[in-house]
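Asks:
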């Protein structure tokens, strides 16, 4: 799918955003903008064209095509520069085996940062092919991308065990988006003190409870904006106090504003899986937004 307005930004094709209930895949088509930000989700960067510039453990930069970045890491151009690449960004499912499985396949460049996927040529080919097919479903697209990313020998392995109490709290945060449950209420449900829950949650999720909630609200707002709603409508439905509040949080998490993502060139073509739509359907119905 092509948007003629993207010629303003030098993009010949329309970037794609594939949204699942737990994963998100952005497939760029031109050199992107980059601002310093803190990652709030495990992310795999893939250079579809050009290369990523990564600082190594000795402080010297090197060029790579794939880079795995963990939750909680501050990213700026001194660590990882994407300015000389057409980039795909795969936001991995939280509380899954995806990050440790990929880390087991890749080389550690810095503590927690891994590069050089052994099948990166096949990964790039799969992502480019998915980008070329405007009518491909999200499920099919992710399946094709994941096939070279996760070879058979790691696909069904359990690398990390998650505490069920942390998983329960994460689920309750997602289920009570507008209720804004307090830390005390969440801790009581899993029979932990507030301080113990906060520490355990950060150890396993990579984020404090409050930041995890904010990240999920930004994710929900992304789905709503992908459906064509305004930034203001998305902000209020996702639990933000205003569009300015959403813009600040969105920029802190993604290094770009929601307006730059959806309302400015290069215009993104977003495709939602049914599972992603089901996350926001109750919010849309309850507010009677049309």
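In the numbering used here, the protein residues as written are 8 to 297. Beta carbons are placed, not taken as given, at the ideal position from N, Cα and C, and that holds for glycine.
#1: Can you tell which of 53, 217, 122, 253 has its C-alpha closest to the C-alpha of residue 132?
#2: Where does residue 124 land, buried or exposed, given buried means 16+ other C-beta within 10 angstroms?
#3: Rounded to the nearest angstrom, what separates residue 46 and residue 75 at their Cα positions?
#4: Is residue 143 helix, strand or coil by DSSP?
#5: Based on the DSSP output, what are the partners of residue 88 in its beta bridges?
#6: Leaving out the 5 sequence neighbours to the left and right, which residues in its chain are closer than 8 Å to residue 193 when beta-carbon positions are compared?
#7: Following the continuous beta strand (DSSP E) through residue 2, name the residue where it begins and the one where it ends.
#8: Can you list, in chain order, the stretches of the alpha helix (DSSP H) that have 4 or more residues and sit fully within the stretch 236-263?
#9: In the structure shown, what three-state DSSP assignment does residue 73 receive?
#10: Is the beta carbon of residue 262 closer than 8 Å to that of residue 30?
#11: For a test of the three-state rule: what should DSSP assign to residue 198, helix, strand or coil?
#12: With a threshold of 8 Å, are at least 3 pairs of Cβ atoms found where one atom belongs to the stretch 216-227 and the other to the stretch 271-280?
#13: According to DSSP, simplified to helix, strand and coil, what is residue 168?
#14: First and last residue of the alpha helix (DSSP H) that includes residue 267?
#15: Buried or exposed: where does residue 185 fall if 16 or more other Cβ atoms within 10 Å of its Cβ makes it buried?
#16: Name the DSSP bridge partner or partners of residue 136?
#17: For residue 53, which beta-bridge partners are listed by DSSP?
#18: Just verifying my parser: in three-state terms, what is the DSSP assignment at residue 298?
#19: Whole angstroms are fine: how far does the CA of residue 230 sit from the CA of residue 170?
#20: Among 224, 234, 167, which residue has its Cα nearest to the Cα of residue 107?
#21: Relative to the C-alpha of residue 33, which residue among 202, 95, 44 is closest?
#22: Restricting to Cα atoms, I'd like to know which of 82, 162, 59 is closest to residue 112.
Replies: Quick look at the numbers:
#1: Position 125 of the chain shown, counting from 1, holds the residue named residue 132. For residue 132, the nearest C-alpha among the options comes from 53.
#2: Reading the chain shown from its first residue, position 117 is the one you call residue 124. Buried, by the Cβ-count rule.
#3: Translated into the one-based positions of the chain shown, residue 46 becomes position 39. Translated into the one-based positions of the chain shown, residue 75 becomes position 68. Those two C-alpha atoms are separated by around 11 Å.
#4: Indexing the chain shown from 1 puts residue 143 at position 136. Residue 143 falls in the coil class under three-state DSSP.
#5: Stepping through the chain shown from its first residue, residue 88 is reached at position 81. DSSP, once it has assigned bridges, lists 60 as partnering residue 88.
#6: Counting from 1 along the chain shown, the entry for residue 193 is found at position 186. If we look at residue 193 and ignore the five residues flanking it on each side, its Cβ neighbours are 176, 179, 180, 204, 216.
#7: Residue 2 lies beyond the range of the chain shown here (8 to 297); nothing can be said about it.
#8: Listed in chain order, the alpha helix (DSSP H) runs fully inside the stretch 236-263 are 238-244, 250-261, counting runs of at least 4 residues.
#9: The sequence position of residue 73 within the chain shown is 66, counting from 1. If DSSP states are grouped into helix, strand and coil, residue 73 belongs with the strands.
#10: For the purposes of this step, residue 30 is identified with residue 23 of the chain shown, where counting begins at 1. For the purposes of this step, residue 262 is identified with residue 255 of the chain shown, where counting begins at 1. For residue 30 and residue 262, no; Cβs fall outside 8 Å.
#11: Numbered from 1 along the chain shown, position 191 holds the residue referred to as residue 198. If DSSP states are grouped into helix, strand and coil, residue 198 belongs with coil.
#12: no
#13: Within the chain shown, residue 168 is the residue found at index 161, counting from 1. DSSP places residue 168 in coil when its eight states are reduced to three.
#14: Sequence index remark: in the chain shown, residue 267 carries index 260 (1-based). 265-269 is the span of the alpha helix (DSSP H), which, as asked, contains residue 267.
#15: In the chain shown, residue 185 corresponds to position 178, counting from 1. Exposed: under 16 other Cβ atoms inside 10 Å.
#16: Here residue 136 refers to the residue found at position 129 when the chain shown is read from its first residue. Residue pairing by DSSP places residue 136 opposite no residue, since no beta bridge is assigned to it.
#17: Stepping through the chain shown from its first residue, residue 53 is reached at position 46. For residue 53, which the question treats as bridged, DSSP gives the partners 73, 95.
#18: Only positions 8 to 297 of the chain appear in this structure, which leaves residue 298 out of reach.
#19: For the purposes of this step, residue 170 is identified with residue 163 of the chain shown, where counting begins at 1. For the purposes of this step, residue 230 is identified with residue 223 of the chain shown, where counting begins at 1. Distance between the alpha carbons of residue 170 and residue 230: 28 Å.
#20: What you label residue 107 is simply residue 100 of the chain shown in a count that begins at 1. Considering only alpha carbons, the answer is 167.
#21: In the chain shown, counting from the first residue as 1, residue 33 sits at position 26. With distances taken between Cα atoms, residue 33 lies closest to 95.
#22: Start at 1 with the first residue of the chain shown, and residue 112 comes out as number 105. For the residues 82, 162, 59, the minimum Cα distance to residue 112 belongs to 162.
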